[in-house]
Amino acid sequence: MPTSGGSTAIDSFGPHQLAIALLVGSLVLLVSVAAVRLANRSGLPTLLLYLAIGVAIGEAGFGIRFDDPTLTQVLGYTALVLILTEGGLTTRWSTIKSSVAPAALLSTLGVVVSISVVGVASHFLLDLSWQISFLLGAIVSSTDAAAVFSVLRNVPLPHRLTGVLEAESGFNDAPVVLIVIALAEAATPGQTSGAWWTVVLTAVFELAGGAVIGLLLGWGLGRLIRRAGVGSSGLFSIGIVAICVLSYAGATLAHTSGFIACYLTALVLGNLHLPHRQAVLGFGQALGWLAQIGLFVLLGLLASPSRLEAQLVPALVIGLVLLLLARPASIVASMSWFGFRWREQVFLSWAGLRGAVPVVLATVPLTLGTPRTEWIFDLVFVLVVVFTLLQAPTLPALARRLGLIEDTQALDMQVESTPLEDLHAEMLQVRVGPLSRLHGVELHELRLPPGANVTMVVREGASFVPDRRTVLRRSDQLLLVTTAATRSATIRRVRAVSQGGRLADWRARGSGTP
């Protein structure tokens, strides 16, 4: 509406202000993109660099003031939807299917164990009320697999471990969000909260309902959009992301878990053999990166360095309890049922890095008006930064120390491959490790399944097209082309020869293994 002076409300943000906002935003993005290279060299997750950028341009640096926890929570949830979408789209079901059960137990029973241990410790060590203690335990219980994989991108871990970490990160956000909201409401005067058993039943209903909605929308709309066959890969990618966002919104409005619905929809879509797969993955990853950059910079803006120092000691106390007691207890309670060795459990315990979710959830009591919780955001912020600095650089060395490094690893190749899509083919990259028994094997001795072939070998920086008599050497990188149907069998065959040598299949038959 025009004012008496003829101006409008929109005059407060005109073209000049837009230019300034775009200038600052584009510079932040460029610095953030450049920071990825620094993160790769330092072995630190990019989240720390993005948080540092936010703090640097905030009130203690360039003077940009931002203190709106409600807006932070809304934008944080939006970013988490895009991050979960990217995580689901890029996750191979064949990679995580054997890890779904342990990851689901870790995301439920493990979360309860972690909350209980941190809650009891907070009550006695920090002299907090029981309600606030368990609220703090719930806020810090969610892990961030993206931080783990940004550190371990060049470390070939067993697929069972990577599957657990991937699936856990997709599953545990939903129950943690429900628990944090329930505990924050219980600690807030004027908020209605039922008995504990009603809260548990509500959480189970919301998780189950969200899972059903996510699976049905992913399967139904995925088949529909595949038949529609949108010609433009860009438009098709937008449609796929829109389905995931629709799943979150629909599940939330149905009073079920939008986060689990979004992740499962994306997981189903990512494994439906959709057309334009590489374009969809590229678009999803770009949105995921943009969401991560925006979220961590925003959280850095919200943090006030002048308040963080007061929470250093409490953050160290809770972080040590989380790292040395709560996380190992949750791993033992969840993983022991599935035959995980003690070395694998030690690694999973140390790999429980915290990321954006705990910091976003720390804004929940602020938006609800929970009394005497203003300090929680600062404590969680310090905890995430300090223990990421402690844990992240040591993860590769710990994996090697525990003997968890695989000598052969097959990776999806991110290439624009419309002709390969038309042929239902896929590309894999295989690296021959220093202990791999692929060394000395002639190419024909691999006996790859029909439909799979090694098309190129890279050795000492030079590439060549091999023949059937080519002898594989350590540090070789192989480019494999397989049909979609033989992809899993190809990976199994290469891994078997790497571990058992050229006679791996004969040994398996002789032992009675099919």
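According to our numbering, the sequence shown is numbered sequentially starting from 5.
Don't be surprised by glycine CBs; every beta carbon is placed ideally from N, CA and C.
Secondary structure of residue i, DSSP reduced to three states
i	result
residue 459	strand
residue 342	helix
residue 63	coil
residue 122	helix
residue 79	helix
residue 482	strand
residue 406	coil
residue 141	helix
residue 185	helix
residue 327	helix
residue 382	helix
residue 420	Summary for residue 420: the model assigns pLDDT 44, below 50, so the residue's position carries little reliability; its value from the coordinates is reported in the next sentence. DSSP places residue 420 in coil when its eight states are reduced to three.
residue 280	coil
residue 177	helix
residue 162	coil
residue 236	coil
residue 371	helix
Reference residue i, options the options, closest by Cα
i	options	result
residue 94	171, 329, 113, 400	171
residue 211	255, 296, 375	255
residue 463	485, 436, 447	436
residue 64	304, 390, 286	304
residue 244	257, 221, 351, 362	221
residue 344	405, 103, 278	103
residue 503	484, 443, 473	443
residue 434	405, 229, 177, 479	479
residue 496	461, 98, 49	98
residue 190	281, 236, 136, 239	136
residue 249	288, 230, 492	288
residue 295	237, 115, 453, 81	81
residue 459	72, 485, 379, 359	485
residue 364	36, 61, 76	76
residue 163	352, 279, 378	352
residue 247	236, 266, 126	266
Residue i to residue j span [Cα, whole Å]
i	j	result
residue 346	residue 470	41 Å
residue 422	residue 262	Bear in mind that a pLDDT of 42 at residue 422, under 50, signals an unreliable position, so the number given afterwards is only what the model happens to contain. Each residue's Cα considered, the two are about 33 Å apart.
residue 487	residue 283	19 Å
residue 207	residue 182	6 Å
residue 419	residue 309	For residue 419, the pLDDT reaches just 44, beneath the cut-off of 50, and the residue's location in the model is therefore unreliable, leaving the point undetermined.
residue 299	residue 161	28 Å
residue 31	residue 168	36 Å
residue 326	residue 188	20 Å
residue 339	residue 395	21 Å
residue 455	residue 490	7 Å
residue 19	residue 58	24 Å
residue 272	residue 393	34 Å
residue 109	residue 24	48 Å
residue 96	residue 508	26 Å
residue 193	residue 407	52 Å
Cβ-based burial, residue i [other Cβ within 10 Å; buried from 16]
i	result
residue 146	buried
residue 86	buried
residue 313	exposed
residue 148	buried
residue 451	exposed
In DSSP terms, what residue i is bridged to
i	result
residue 487	429
residue 468	461
residue 348	Looking at the DSSP assignment, residue 348 forms no beta bridge with any residue, so it has no partner.
residue 446	475
Cβ of residue i within 7 Å of any chain B Cβ
i	result
residue 208	The question asks about chain B, but that chain is absent: this structure has only one protein chain.
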